[in-house]
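Chemist:
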Amino acid sequence: MNNLIPLGGFYLVSVGLFFSLLYQLYQKSGISFHLLFSLLYFVTFYAGFPFSLIMAFGFDYPLPELKTQWQVFTAAGVGYLIYYVVYSRLWSAVSQPTALVANFQAKTTACILAAVAVVALLYFLYLNGFLLFKLEKYSQLFAKDRVILSALKRFFYFLLPALLIFCFLYKNKTAWWALLIVGGAFGILSYVAVGGTRANLALAVGFFLLIGLQQGYLSLSKVIAVSLIGVVAMFFLALARYKLTLSGSEMIYTFLYLSRDTFSPWENLARVFSNEVEYQGLMPIVRDFYVYIPQSLWQERPEIVWNTANYFTKVILGNQSGLAISPTLLGSFYIMGGFSVMALGMGIVAAMIKALDNLFAYAKACNSALLQAYCFGNLFNLIVLVREGIDAFVSRFCFFTLIFMACYLLAKILSMGKNNNVR
3 MNNLIPLGGF YLVSVGLFFS LLYQLYQKSG ISFHLLFSLL YFVTFYAGFP
53 FSLIMAFGFD YPLPELKTQW QVFTAAGVGY LIYYVVYSRL WSAVSQPTAL
103 VANFQAKTTA CILAAVAVVA LLYFLYLNGF LLFKLEKYSQ LFAKDRVILS
153 ALKRFFYFLL PALLIFCFLY KNKTAWWALL IVGGAFGILS YVAVGGTRAN
203 LALAVGFFLL IGLQQGYLSL SKVIAVSLIG VVAMFFLALA RYKLTLSGSE
253 MIYTFLYLSR DTFSPWENLA RVFSNEVEYQ GLMPIVRDFY VYIPQSLWQE
303 RPEIVWNTAN YFTKVILGNQ SGLAISPTLL GSFYIMGGFS VMALGMGIVA
353 AMIKALDNLF AYAKACNSAL LQAYCFGNLF NLIVLVREGI DAFVSRFCFF
403 TLIFMACYLL AKILSMGKNN NVR
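Just so we're aligned, residue 3 is where the sequence shown starts under the numbering used here, counting upward by one.
(1) Using the Cα positions of residue 27 and residue 255, report the straight-line distance between them to the nearest angstrom.
(2) Would residue 151 and residue 123 qualify as a contact pair, given that the criterion is a beta-carbon distance under 8 Å?
(3) Measuring only the C-alpha atoms, how far is residue 172 from residue 378?
(4) May I ask you to report which of helix, strand or coil DSSP gives residue 286?
(5) For residue 418, is the classification buried or exposed, using 16 other Cβ atoms within 10 angstroms of its Cβ as the cut-off for buried?
(6) With a threshold of 16 other CB atoms inside 10 Å of the CB of residue 238, please say whether the residue is buried or exposed.
(7) Quick check: the Cα distance between residue 58 and residue 50, rounded to an integer number of angstroms?
(8) Which of the three DSSP states is assigned to residue 146 in this structure?
(9) Given this structure, state the Cα-to-Cα distance separating residue 75 from residue 219, to the nearest angstrom.
(10) Would you mind working out which of 402, 214, 251 sits nearest residue 2, comparing C-alpha positions?
(11) Measure the C-alpha to C-alpha separation of residue 277 and residue 317 and round it to an integer number of angstroms.
(12) Please check the pair residue 429 and residue 111, which I expect to be a contact at CB under 8 Å, by giving their CB distance rounded to whole angstroms.
(13) Let's test the definition: count the other Cβ atoms within 10 Å of the Cβ of residue 7 and tell me whether it reaches 16, buried, or not, exposed.
(14) Out of 248, 113, 213, 222, point me to the one whose CA is closest to residue 179's CA.
(15) Where does residue 29 sit, in a helix, a strand or coil, going by DSSP?
(16) In whole angstroms, what separates the C-alpha of residue 29 from that of residue 269?
(17) Could you give the C-beta distance for residue 348 and residue 81, rounded to a whole number, given that I count them as a contact under 8 Å?
(18) Considering only their Cβ atoms, is the gap separating residue 211 from residue 185 smaller than 8 Å?
(19) Put residue 232 into one of helix, strand or coil per three-state DSSP.
(20) I believe residue 314 touches residue 329 by the beta-carbon criterion, under 8 Å. Please report the beta-carbon distance rounded to the nearest angstrom.
(21) Among residues of its own chain, excluding the 5 on either side of residue 272, which ones have a beta-carbon nearer than 7 Å to its beta-carbon?
(22) Determine, using beta carbons only, whether residue 150 comes closer than 8 Å to chain D.
(23) First and last residue of the alpha helix (DSSP H) that includes residue 263?
(24) Using a Cβ-Cβ cutoff of less than 7 Å, which residues in the same chain neighbour residue 189 once the five nearest sequence positions on both sides are dropped?
(25) Rounded to the nearest angstrom, what separates residue 118 and residue 158 at their Cα positions?
(26) Quick one: using the 10 Å Cβ neighbour count with 16 as the cut-off for buried, is residue 22 buried or exposed?
(27) Taking the CB atoms as reference points, tell me whether residue 166 and residue 365 lie closer together than 8 Å.
(28) For residue 5, I'd like the list of residues in its chain whose CB is within less than 6 Å of its CB, leaving aside the five on either flank, ordered along the chain.
(29) Suppose the cutoff is 7 Å on Cβ atoms and the five residues either side in sequence are ignored; what does the same chain contact list for residue 104 look like?
(30) When DSSP labels each residue in this structure, what does residue 192 get in the three-state scheme?
(31) Just reading off the alpha helix (DSSP H) that residue 52 is part of, what are its end residues?
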């Protein structure tokens, strides 16, 4: 107990500095990707520690070794410091706004994105039915003999950037509420269809809150209150996913560890540090793209994609269930090359976030609904970056950008045909 006091003091100082920084960033710039990344980073590496302490003192839960806990919070602090210094030193690009994308093109792009998502979900339902009611346990979702064309799940998300385009086009409460109602309904449907995937529903609510805060429809206190309610809601959705019926102290314990693992898997980084790691180099980034190549096109595609999540799950944890457990951003860097890659990687992340902020500032300056929606749509990829790792982020960012650009180019072709018909 006494050994935890210095660590607790270090933790509280770190949390206090983070809160101060987050408040200053919000007061200075409002919603930015620098702020969002910093918030996600704080939640991932710091917010779960009190949950682990409560489980340790109230339920005899074994904490990681004290040395490893020090490593986690020191690495998290130094990693963010590197990120912050590099981000602060990079110049903010100032570009003159150019010609806007026509409203017809933006609306057509939104409709195509929505069609991609809806058709993918309907076809998934046609092939598999409602998996929440068919699967006996959540891990069966990853079994190839139980789920057909699970890759279709990657397309469900594109309804949200479609709704974001309309939000940024009209900038009124009707479009804002439509984002919540339509996005939330689609998220619930995908949750039932896929068998417990909560991401689309959570993101619909998240976008609703962020745009409400950005456009002055919601106060910061309301956003925080709704977010806390959302944590509880995510817990009950997880209970339904795992088909658990709990009560009393068992429910409290389950709430603590499920909420920690969902939002703040800091102990995963502790497990990475406490085990021997065979550094994987840059290959996990390359291998993560394998999942996008159909088996029919690559007969010899490896059964296991050895990205950092699978290395962490199967080699470090020894879990062969088919699940892929997230090693976190810092964990993925460490698996790729240790502390040196972790330091270099956080500098690269700073450059990426700065580029995204510059693009978002440009999109607002030229009032481009399409570009603003693209930038906001990358929030999901930002969550993937911090929670799952750099390799998962790179492949998902490229996939999202490719599909978004393809839909825009198709909309542009259709608008050219429309103009020719008018002439």
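Don't be surprised by glycine CBs; every beta carbon is placed ideally from N, CA and C. Predicted model, so just to flag it, every value in this text is computed and none were measured.
Modeler: So, from the data block:
(1) 35 Å
(2) no
(3) 16 Å
(4) helix
(5) exposed
(6) exposed
(7) 12 Å
(8) coil
(9) 36 Å
(10) Here the chain covers residues 3 to 425 and nothing more, so residue 2 does not appear.
(11) 10 Å
(12) In the structure as shown, the chain begins at 3 and stops at 425. Residue 429 is therefore absent and cannot be evaluated.
(13) exposed
(14) 213
(15) helix
(16) 32 Å
(17) 5 Å
(18) no
(19) helix
(20) 4 Å
(21) 66, 70, 71, 74
(22) Protein chain content of the structure displayed is limited to a single chain, and chain D is not contained in it.
(23) 250-265
(24) 202, 203, 206
(25) 8 Å
(26) exposed
(27) no
(28) 68
(29) 417
(30) helix
(31) 51-61
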